[in-house]
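Just so it is clear: in the sequence shown, position 241 is 241 by the UniProt record's numbering, and no numbers are missing. Even for Gly, the Cβ is constructed at its ideal location relative to N, Cα and C. Everything below concerns the one structure shown next.
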Amino acid sequence: DCGNFPIFQAPCNWKAKEELVLLEAIEQYGFGNWEDVSQCLPSRSVEEVQEHYNTLYIMGNIGKATWSVEPSFLVKDHTSPDSGPLSPSAKSNVSAGDLTAAEQQELGYMPCRDDYEREFDNEAESLISQLSVGPEEDELEVALKLAQVDMYSRRLRERLRRKALARDYRLLEQFCGQGRAKGAATPGATPSRKRPCPDEDREQQDKMRVFCQFQSSTDHEQLFENLEREKELKARIKDLMRYRRNGITKLDECAEFDLARHRREKRKENKKKSFALNAGPRQLRSQKALLNGVKKNTKKKEAPTLR
């Protein structure tokens, strides 16, 4: 019958050959160009062509089996929010500490960028500023330039490490604090937060300063406090062992023992003082007698003899 039979069930009265012409026309003119598609089907109007295709091929079983249900694609907004890290209104998390504006300008420090006008190893960028890799270079030249980039990366890490140490241990504040102590006080500057410490503690801090590069300031202070606590515990254990050697087994008796020991030491000290006071006049008298005897003997020897 050359395609004169219907493919879809009633009430559709489209023949099979009309369906083929419809699909070929849509493939040729595109979906939605119904006027040009209807010209390939003289017996069908534009409205009939559009309604037939949408009903049976888009919304029908064929459309459901071939068209996947996906949400409509929307254009994603890549505009940075006002509170983003690159927003002009964002505030810097880097604090300038207790430095005044005049001290920052004198040091060449820019707190918003956490940079200095002259950084540590300031000429490090000159190592790679003229580097460029071309297609005609061999593997040896490329490896040499990569080695230079690696050298620059190490120097840059060292710069960042020193900058982090100076910020963590507040070295800039201490440096400016020493300048304020030597000269006139800077208006608006706050005093240094470094607490005074005895000479023994300061000496121990100087010995422990080498470990600052391996730990943060908080960890370093905690380490120093732990060492002080260890010293106190050792002294306490030594005292408790001395109590135990003297037969004391209760903590309540320690105070009485210390009081009695203090009184005993006080009595010994008073005895030594009294002995020194009593022995002083006797020693002076014996020394005077000795001197008088020496003088008499010398006079007898010097007396002239008669001939």
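_Close-in-space but distant-in-sequence residues of the same chain around E19 (CB under 7 Å, 5 per side omitted)_ = Reading the sequence shown from its first residue, position 19 is the one you call residue 19. Excluding positions up to five away in sequence, the list reads I7.
*Take Q50 as the anchor and find which of R236, E35 and N61 has the nearest alpha-carbon.*
To locate residue 50, count along the sequence shown from 1; it is residue 50. The residue with the shortest Cα to Cα distance from Q50 is E35.
*For W14 versus L22, is the C-beta spacing smaller than 9 Å?*
Locating residue 14 in the sequence shown gives position 14, where the first residue counts as 1. Locating residue 22 in the sequence shown gives position 22, where the first residue counts as 1. The answer is yes: Cβ separation under 9 Å.
*With a cut-off of 8 Å on the beta carbons, I'd call Y152 and L127 a contact; round off their distance for me.*
In the sequence shown, residue 152 corresponds to position 152, counting from 1. In the sequence shown, residue 127 corresponds to position 127, counting from 1. Indeed, because the Cβ distance is near 5 Å, the residues count as touching under 8 Å.
*Test item: CB-CB of D98 and C176 under 9 Å*: Within the sequence shown, numbered from 1, the residue matching residue 98 stands at position 98. Within the sequence shown, numbered from 1, the residue matching residue 176 stands at position 176. Contact: yes.
*With 16 other Cβ atoms within 10 Å as the buried cut-off, status of A101*: Walking along the sequence shown from the start, residue 101 turns up at place 101. A101 comes out exposed.
*Cα separation between D138 and K145?*
Locating residue 138 in the sequence shown gives position 138, counting from the first residue. Locating residue 145 in the sequence shown gives position 145, counting from the first residue. Looking at the two C-alpha atoms, the distance is approximately 11 Å.
*To the nearest angstrom, report how far apart N61 and E27 are at their CA atoms.*
Translated into positions along the sequence shown, residue 61 becomes position 61. Translated into positions along the sequence shown, residue 27 becomes position 27. The alpha-carbon atoms of N61 and E27 are separated by roughly 20 Å.
*Roughly how many whole angstroms lie between the Cα atoms of L56 and H78?*
Locating residue 56 in the sequence shown gives position 56, counting from the first residue. Locating residue 78 in the sequence shown gives position 78, counting from the first residue. For L56 and H78, the distance between alpha carbons rounds to 40 Å.
*Determine, using beta carbons only, whether E103 and K163 come nearer to each other than 9 Å.*
Within the sequence shown, residue 103 is the residue found at index 103, counting from 1. Within the sequence shown, residue 163 is the residue found at index 163, counting from 1. The answer is no: Cβ separation not under 9 Å.
*CA nearest to the CA of D168, picked from H220, E141, F5 and Q205*: Against the sequence shown, residue 168 aligns to sequence position 168. Comparing Cα positions, the closest option is H220.
*asked:* Below 8 Å on the Cβ atoms is my contact criterion, and I expect D121 with R159 to pass it. Report the Cβ-Cβ distance as a whole number of Å.
replied: Residue 121 sits at position 121 when you count from the first residue of the sequence shown. Residue 159 sits at position 159 when you count from the first residue of the sequence shown. About 6 Å separates the two Cβ atoms, so the contact holds.
_A124 vs L165 beta-carbon contact at 9 Å_ = What you label residue 124 is simply residue 124 of the sequence shown in a count that begins at 1. What you label residue 165 is simply residue 165 of the sequence shown in a count that begins at 1. Going by C-beta atoms, A124 is not nearer than 9 Å to L165.
*asked:* Excluding the 5 residues flanking M110 on each side, which residues of the same chain have their C-beta closer than 8 Å to its C-beta?
replied: For the purposes of this step, residue 110 is taken as the residue at position 110 of the sequence shown. Here the set comprises Q104, Y116 and E117.
*Distance between K238 and R229 (C-alpha atoms, nearest Å)*: As a working mapping, residue 229 is identified with position 229 in the sequence shown. As a working mapping, residue 238 is identified with position 238 in the sequence shown. Distance between the alpha carbons of R229 and K238: 14 Å.
*For S217, which residues from the same chain have a beta carbon less than 6 Å from its beta carbon, with the 5 sequence-adjacent residues on both sides left out?*
Counting from one through the sequence shown, the residue named residue 217 turns up at place 217. Around S217: D168 and Y169.
*Pull up the distance between the alpha-carbon of E136 and that of Q215, whole angstroms please.*
Residue numbering aside, residue 136 sits at position 136 when the sequence shown is read from its first letter. Residue numbering aside, residue 215 sits at position 215 when the sequence shown is read from its first letter. So the alpha carbons of these two residues sit roughly 47 Å apart.
_Cβ-based neighbour list, M241, same chain, cut-off 7 Å, excluding 5 preceding and 5 following_ = Translated into positions along the sequence shown, residue 241 becomes position 241. So the list is empty, once near-sequence residues are dropped.
*Under a three-way DSSP split, which group does Y243 fall into?*
If you number the sequence shown from 1, residue 243 lands on position 243. In the structure shown, Y243 sits in a helix (DSSP, three-state: H, G or I).
*Excluding five sequence neighbours on each side, which residues of the same chain lie with their C-beta closer than 8 Å to the C-beta of G108?*
As a working note, residue 108 is residue 108 in the sequence shown. Within the same chain, G108 has close Cβ partners Y116, E117 and R118.
_Closest residue to S43 among K64, K17 and A235 (Cα-Cα distance)_ = As a first step, residue 43 must be located in the sequence shown, where it is residue number 43. Nearest C-alpha to S43: K17.
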